[in-house]
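Enquirer:
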Amino acid sequence: MADDLIRYDLLVQEALRGVVRKVLTDAAREGLAGEHHFYVSFRTEAPGVRMSQALREKYPQDMTIVLQHQFWDLGVTEHSFEVGLSFSGVPERLLVPFDALSGFFDPSVQFGLKFDLTDPSEVTEPDAAPVSLKAGPRGAASEPTEIKPKGTGLAAIGSGVPKVLPAPAAQNGAKAEEPKAPRPAKKDGEGEETGAEVVSLDAFRKKS
Numbered sequence: 621m622a623d624d625l626i627r628y629d630l631l632v633q634e635a636l637r638g639v640v641r642k643v644l645t646d647a648a649r650e651g652l653a654g655e656h657h658f659y660v661s662f663r664t665e666a667p668g669v670r671m672s673q674a675l676r677e678k679y680p681q682d683m684t685i686v687l688q689h690q691f692w693d694l695g696v697t698e699h700s701f702e703v704g705l706s707f708s709g710v711p712e713r714l715l716v717p718f719d720a721l722s723g724f725f726d727p728s729v730q731f732g733l734k735f736d737l738t739d740p741s742e743v744t745e746p747d748a749a750p751v752s753l754k755a756g757p758r759g760a761a762s763e764p765t766e767i768k769p770k771g772t773g774l775a776a777i778g779s780g781v782p783k784v785l786p787a788p789a790a791q792n793g794a795k796a797e798e799p800k801a802p803r804p805a806k807k808d809g810e811g812e813e814t815g816a817e818v819v820s821l822d823a824f825r826k827k828s
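Numbering (my numbering), first residue to last: 621 to 828.
1. Counting C-beta neighbours from all protein chains within 10 Å, is the total for His-699 16 or more, i.e. buried, or is it exposed?
2. Just curious, the alpha helix (DSSP H) that Val-639 is in, first and last residue?
3. How is the alpha helix (DSSP H) around Glu-677 delimited, first residue to last?
4. Within the same chain, show all residues whose beta-carbon is closer than 7 Å to that of Gly-695, passing over the 5 residues directly before and after it, in chain order.
5. Return yes when the Cβ of Phe-735 is within less than 8 Å of the Cβ of Leu-721, no when it is not.
6. Can you check whether the CB of Val-716 is closer than 8 Å to the CB of Phe-662?
7. Rounding to the nearest angstrom, what Cα-Cα distance links Leu-630 and Gly-638 in this structure?
8. Identify the continuous beta strand (DSSP E) that holds Met-683 and give its terminal residues.
9. Please go through the same chain and pick out, in chain order, the residues whose beta-carbon is closer than 7 Å to the beta-carbon of Val-784, but skip the five residues on each side of it.
10. In the DSSP assignment, find the beta strand (DSSP E) that holds Ser-700 and state where it starts and stops.
11. Would you check if the distance between the CB atom of Val-640 and the CB atom of Phe-718 is smaller than 8 Å?
Written out as structure tokens, the structure reads:
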């Protein structure tokens, strides 16, 4: 297979980060619509992430925030978002670049995205794992309760090539025809095997 010089995997990830950017922009401008609320996961060690030292020590690698009740001053730019949150009654302000996102989930409609932040040169197998959410209490800085996404709203983003699906069966309810077993070769009068069927000469005689 030829090398992907266009890097479609990176283009897809960037496009889906744009989905998160649009959703957060609308929420910052108009507030949360209906029952929509968001779990946003990101790498705290990623470049550009700004948070207090206390939070960084508590979450040295990954963190999931909940944008539902206890957040304020949500601001979104082209490359990052900033939000105020309460952690055990202590107000904090976070700045998260979109490049640091590792996951996004809206439990109200069971829609989730997972972003692959691994180095493409280190990837050896396709990453097609679904979004995995750890169980825990809900809150501004807590891991969300495990919710299994339904339908096709879940997109797992990885750097691997998609798996090829098996060919579908015949349409309109028709049963797929099973391959017929090869007919064994018949023997002629001399006992040697031939691949052709022996035809009786009587079939070619004219009727009297």
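Glycine included, each C-beta is placed from N, C-alpha and C at the ideal position. Fair warning: this is a prediction, and the values are worked out from it, not measured in the lab.
Expert: Let me spell this out:
1. As a working mapping, residue 699 is identified with position 79 in the sequence shown. His-699 should be labelled exposed.
2. In the sequence shown, the residue the question calls residue 639 occupies position 19. Counting along the chain, Val-639 sits inside the alpha helix (DSSP H) bounded by residues 628-650.
3. Taking the sequence shown and counting its residues from 1, the one referred to as residue 677 is at position 57. Going by DSSP, Glu-677 is part of the alpha helix (DSSP H) stretching over 673-678.
4. Against the sequence shown, residue 695 aligns to sequence position 75. Excluding positions up to five away in sequence, the list reads Ala-648, Phe-701, Glu-702.
5. The sequence position of residue 721 within the sequence shown is 101, counting from 1. The sequence position of residue 735 within the sequence shown is 115, counting from 1. Going by C-beta atoms, Leu-721 is nearer than 8 Å to Phe-735.
6. For the purposes of this step, residue 662 is taken as the residue at position 42 of the sequence shown. For the purposes of this step, residue 716 is taken as the residue at position 96 of the sequence shown. Yes.
7. Translated into the one-based positions of the sequence shown, residue 630 becomes position 10. Translated into the one-based positions of the sequence shown, residue 638 becomes position 18. Straight through space, the alpha carbons of Gly-638 and Leu-630 are spaced by roughly 12 Å.
8. The residue given as residue 683 occupies position 63 in the sequence shown. From DSSP, the beta strand (DSSP E) with Met-683 extends over 682-687.
9. Residue mapping note: residue 784 aligns to position 164 of the sequence shown, counting from 1. Low confidence applies here, because Val-784 scores a pLDDT of 36, under 50, leaving its location unreliable; read the following figure in that light. Here the set comprises nothing.
10. By 1-based counting over the sequence shown, the position of residue 700 is 80. From DSSP, the beta strand (DSSP E) with Ser-700 extends over 700-707.
11. Along the sequence shown, read from residue 1 onward, the residue named residue 640 stands at position 20. Along the sequence shown, read from residue 1 onward, the residue named residue 718 stands at position 98. Against a cut-off of 8 Å, the Cβ pair of Phe-718 and Val-640 comes out as a contact.
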